[in-house]
Amino acid sequence: MSEILDKLQMYFSYPFVRYALIVGVLIALCSSLLGVTLVLKRFSFIGDGLSHVAFGAMSVATVLGLTQEMLLVLPVTVISAILLLWTGSSKKIKGDAAVAMVSVGTMAIGYMVMNLSSNSVNVSGDVCTSLFGSTAILTLSRTDLLLCSILSGVVVVLFILFYNRIFSVTFDENFAKAAGAHTNAMNLFIAVIIAVIIVVSMKLVGSLLVSALIIFPALAAMRVFKSFLSVTICSAVFSVVCTLIGILVSILYGTPVGSTIVCADMIGFMVFFVLGLRSGKA
Amino acid sequence: MDQILSGETTVPVIAPQTVAQPKKTEPVSSLNFDAEEKLLENYTIESFGPQEIPTAMQIEGDTVDLTKMSATVCYAQVLDILSYPDNYLGKTITMGGLFSVYESPTTGDVYLACLIQDATACCANGIEFICKDAKNYPQDYPELGTNIKVVGTFETYMEDEYMYCRLKDATLEIVQEN
Numbered sequence: 001m002s003e004i005l006d007k008l009q010m011y012f013s014y015p016f017v018r019y020a021l022i023v024g025v026l027i028a029l030c031s032s033l034l035g036v037t038l039v040l041k042r043f044s045f046i047g048d049g050l051s052h053v054a055f056g057a058m059s060v061a062t063v064l065g066l067t068q069e070m071l072l073v074l075p076v077t078v079i080s081a082i083l084l085l086w087t088g089s090s091k092k093i094k095g096d097a098a099v100a101m102v103s104v105g106t107m108a109i110g111y112m113v114m115n116l117s118s119n120s121v122n123v124s125g126d127v128c129t130s131l132f133g134s135t136a137i138l139t140l141s142r143t144d145l146l147l148c149s150i151l152s153g154v155v156v157v158l159f160i161l162f163y164n165r166i167f168s169v170t171f172d173e174n175f176a177k178a179a180g181a182h183t184n185a186m187n188l189f190i191a192v193i194i195a196v197i198i199v200v201s202m203k204l205v206g207s208l209l210v211s212a213l214i215i216f217p218a219l220a221a222m223r224v225f226k227s228f229l230s231v232t233i234c235s236a237v238f239s240v241v242c243t244l245i246g247i248l249v250s251i252l253y254g255t256p257v258g259s260t261i262v263c264a265d266m267i268g269f270m271v272f273f274v275l276g277l278r279s280g281k282a
Numbered sequence: 283m284d285q286i287l288s289g290e291t292t293v294p295v296i297a298p299q300t301v302a303q304p305k306k307t308e309p310v311s312s313l314n315f316d317a318e319e320k321l322l323e324n325y326t327i328e329s330f331g332p333q334e335i336p337t338a339m340q341i342e343g344d345t346v347d348l349t350k351m352s353a354t355v356c357y358a359q360v361l362d363i364l365s366y367p368d369n370y371l372g373k374t375i376t377m378g379g380l381f382s383v384y385e386s387p388t389t390g391d392v393y394l395a396c397l398i399q400d401a402t403a404c405c406a407n408g409i410e411f412i413c414k415d416a417k418n419y420p421q422d423y424p425e426l427g428t429n430i431k432v433v434g435t436f437e438t439y440m441e442d443e444y445m446y447c448r449l450k451d452a453t454l455e456i457v458q459e460n
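So the protein lines, in turn, are chains A and B. The first sequence stops at residue 282 when you use our numbering, and every number in between is there. The second sequence stops at residue 460 when you use our numbering, and every number in between is there.
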């Protein structure tokens, strides 16, 4: 045990490890907050779809040689989120079909663009890092740290400020609309926030695994708690703890960061599932 | 080297250097800070590719032992060294990895490096090294891909307007796999 603590002390002396922990916790926190809403609105797979869009945009940004990829990735992902989540019921291709179409299409375009035009000396490595987030979180610059921190902070503050409206739109959108709430504006707001979270979360776990950050904390909390507030708080705590455990285990034992975090989420979900069964709430 | 000349790489890579007769040019990393600053004025950020100017971060201690780190942190540390070389100048770096060689297609010079792979082994980064004892390649060196341990002093040097990183006065040891 003392050996592990000594090793951790050594690792914490490195700035990039401290940055990874700070950003990891912030990303876990803000992704878990919106995860509850997404799961309840049956949009669990939107994370996957939007992360693939972000991957495609990131590929184009890389090929264009943009210093800061966020300049392209964030707007493209936000627009896609609005198109997928906010456009009304009159759209011809709906729900999961639209998500699937956009998801695979943008991923294929992204990989094609990377292979045909990339300046990178290691396309497979860059793609692997983007998809699975093996060490991306450990290679953050100070600018990345500031950007991720600001975006995460904004998401958390907005969630707290608009908590009641998010709650009403999540559980009964029609009633909320009848009661005079601006549900379209709220849905647009949620779509934009989700896009921001997805883009920021890709640094932590990569494109393919970002859904785990959204889904597992919410589902685990729902096994044990009943009210929206308690599920949200439990989801946030669950996500932060699992992310911390995942990052620490990965740096101690040399495992990929993204996969380790998702494995920690899965184990945590199983624990909560058993707890839920025992308390009779599953 | 070709990627550097075309400005495509984002990090310094191993560079032209004759193995048997190391250059006798004054290394940038010595305690001659004035010379270092003067040389640094002559290179632009393009030598690193599209990347921000590194901010000063104090790395504690005079040694960096990559062999004591997990694969995940080790890879990230090497990337940090190559991205922010000023923070590691003069430090003794111990690293373990795969023996790798790059031969310049234009000059024919051979450059030696120790490559470290990340946890998924899909990405690798490495640092060039020059042995303390004059050795000839390939007779005095192990086969490509052999697990090696290199200990040397980190320095940067200029060549053809670009800055490169390497370990000077390095000792090379073959690591026996269990």
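The beta carbon of each residue, even a glycine, is placed where N, CA and C say it ideally should be.
Specify, as a first and last residue, the run of the beta strand (DSSP E) that residue i falls within.
i	result
LYS431/B	429 to 441
VAL283/A	Since the first residue shown for chain A is 1 and the last is 282, residue 283/A is missing from the structure and cannot be characterised.
LEU397/B	392 to 399
GLY378/B	374 to 385
ASP347/B	345 to 347
Within the same chain, show all residues whose beta-carbon is closer than 7 Å to that of residue i, passing over the 5 residues directly before and after it, in chain order.
i	result
TYR370/B	ILE341, VAL346, ILE363, PHE436
SER51/A	ILE198, MET202, SER207, VAL210
LEU151/A	VAL196, VAL200
VAL73/A	ALA54, ALA57, MET58, ALA61, VAL199
ASP451/B	LYS414, GLY434, THR435
SER103/A	ASP48, GLY49, HIS52
MET222/A	VAL231
THR139/A	PHE16
GLY254/A	none
ASP4/A	Here residue 4/A is Ile; the residue named in the question, Asp, does not match the sequence. Excluding sequence neighbours, ILE4/A sits near LEU252.
Spatial neighbours of residue i within its chain, please: C-beta separation below 8 Å, excluding the five flanking residues on both sides.
i	result
THR374/B	ASP344, THR345, VAL346, VAL433, GLY434, THR435, PHE436
LEU229/A	none
ILE247/A	ALA20, LEU21, GLY24, ILE137, VAL257, THR260, ILE261
VAL78/A	ALA191, VAL192, ALA195, VAL196
GLN359/B	VAL346, LEU348, MET351
LYS7/A	LEU252
MET70/A	LEU147, VAL199
Between which two residues does the alpha helix (DSSP H) harbouring residue i extend?
i	result
GLY268/A	257 to 279
PHE43/A	Note, PHE43/A: premise wrong, no alpha helix (DSSP H); not H, not E.
TYR357/B	353 to 365
VAL457/B	From DSSP, VAL457/B is part of no alpha helix (DSSP H); its letter is neither H nor E.
ALA416/B	Premise fails: ALA416/B is in no alpha helix (DSSP H) and is neither H nor E.
THR243/A	228 to 253
SER207/A	Here SER207/A belongs to no alpha helix (DSSP H), and DSSP marks it neither H nor E.
LYS7/A	2 to 12
Excluding five sequence neighbours on each side, which residues of the same chain lie with their C-beta closer than 6 Å to the C-beta of residue i?
i	result
GLY427/B	LEU380
SER329/B	For SER329/B, the predicted structure reports a pLDDT of 36, less than 50, and the residue's modelled location is therefore unreliable. A value from the coordinates is still provided. Hits under 6 Å: TYR444, MET445.
THR106/A	HIS52, VAL53, GLY56
ILE245/A	ALA264
THR349/B	THR376, GLY378
LEU131/A	GLY206, SER207, LEU208
LEU290/A	This structure does not reach residue 290/A, given that chain A is present from 1 up to 282, and the question cannot be answered.
MET186/A	ARG165, VAL169
What is the C-beta distance between residue i and residue j, in whole angstroms, given that I count them as a contact (C-beta under 8 Å)?
i	j	result
GLY35/A	SER235/A	6 Å
THR376/B	LYS417/B	Not a contact, Cβ separation roughly 19 Å.
VAL39/A	ALA179/A	Incorrect: roughly 24 Å between the Cβ atoms, too far for contact.
LEU83/A	VAL99/A	Rounded, the Cβ-Cβ distance is 11 Å, inconsistent with contact.
SER279/A	VAL224/A	7 Å
LEU213/A	SER31/A	4 Å
Hey, is residue i close to the ligand SAH, as in C-beta under 8 Å from one of its heavy atoms?
i	result
MET10/A	Ligands displayed in this structure: none; no statement on the ligand SAH is therefore possible.
Subject >> Validate contact between the stretch 174 to 183 of chain A and the stretch 58 to 66 of chain A using beta carbons, cut 8 Å, 3 pairs >> reply: no
Original post:
Is there contact between the stretch 188 to 199 of chain A and the stretch 238 to 245 of chain A, where contact requires at least three CB pairs shorter than 8 Å?
Top reply: Touching, no, given that fewer than three Cβ pairs across the two stretches are closer than 8 Å.
Original post:
Which ranges does the alpha helix (DSSP H) cover as unbroken runs of at least 4 residues, wholly within the stretch 133 to 191 of chain A, from first to last along the chain?
Top reply: 142 to 161, 163 to 171, 173 to 178
Subject >> Entirely enclosed alpha helix (DSSP H) segments - the stretch 48 to 107 of chain A, minimum 4 residues >> reply: 70 to 81
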